[in-house]
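Counting from 2, one number per residue, gives the positions in the sequence shown under this note's numbering.
What follows is a short report on a single structure.
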Amino acid sequence: MHITRIIAFFAISITSTVAIANIDQTVSDIHELTHKTRVAKHAIENFNGGITSAMKIANAIFKAHTASEIARSHLKESDAFSSSDGDQTMKAYEEFYPVLISTLQAGQAKAPEMKQRGLGYIARGMLSNLYQEKDQLEDAMLGQLSTNHTRILRQSIGEADTAFRLTIDYFS
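This is the structure in structure tokens:
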């Protein structure tokens, strides 16, 4: 009987530790994605028509894409989030979302100049790939959140979808 209690205690402790690690990892991943997206925005804003600045944009977008892939892979390994975990995830996403939107708006502002330099096709392709990754990340996130959190998040997802489509259109 005593051994059973000890085993039960360790099982509960391990489960709690894994849950804490899952949410900590998720929040950390979203913060990293936010940072990489800010770097991409800065690179876009500093585009001066040259190949070097175009390479900086491509590199920054690639790093943001990679950060999203990492976040998505960690989310897929996680258990469903508790209400508290969902709150933390939502808070991190609420910090990411405006950065994403402002980065897309920076892309819209630079689209005419990039198209004039012959970079529209490349930018459109990178944006399309990033848009697909965003959808996959959100699907993984929604799979971990409660229905209430999912309902709240849907509006932001819709707005981000619209911003992505508009930005891709700017490069067409």
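From the three backbone atoms N, C-alpha and C, an ideal C-beta is built for every residue, glycine too.
Item, Value
"Helix, strand or coil: how does DSSP classify Phe-82 here?", "coil"
"Considering only their Cβ atoms, is the gap separating Leu-146 from Phe-97 smaller than 9 Å?", "no"
"Can you list, in chain order, the residues of its chain with a C-beta nearer than 6 Å to that of Tyr-1? Leave out the 5 residues immediately preceding and following it.", "For residue 1 there is no data in the structure shown, the boundaries of the chain being 2 and 173."
"Residue range of the alpha helix (DSSP H) that Arg-125 falls in?", "121 to 143"
"When the Cα atoms are used, what is the spatial distance from Asp-86 to Gln-117?", "46 Å"
"I need the DSSP call for Arg-118, collapsed to helix, strand or coil.", "coil"
"Looking at C-beta atoms only, is the number of pairs between the region 97 to 106 and the region 149 to 164 that lie closer than 8 Å three or more?", "yes"
"Please report the straight-line C-alpha distance between Thr-38 and His-32, rounded to a whole angstrom.", "10 Å"
"Which of helix, strand or coil does DSSP assign to Asn-60?", "helix"
"Please state the DSSP three-state secondary structure of Gly-50.", "coil"
"Specify, as a first and last residue, the run of the alpha helix (DSSP H) that Phe-165 falls within.", "148 to 171"
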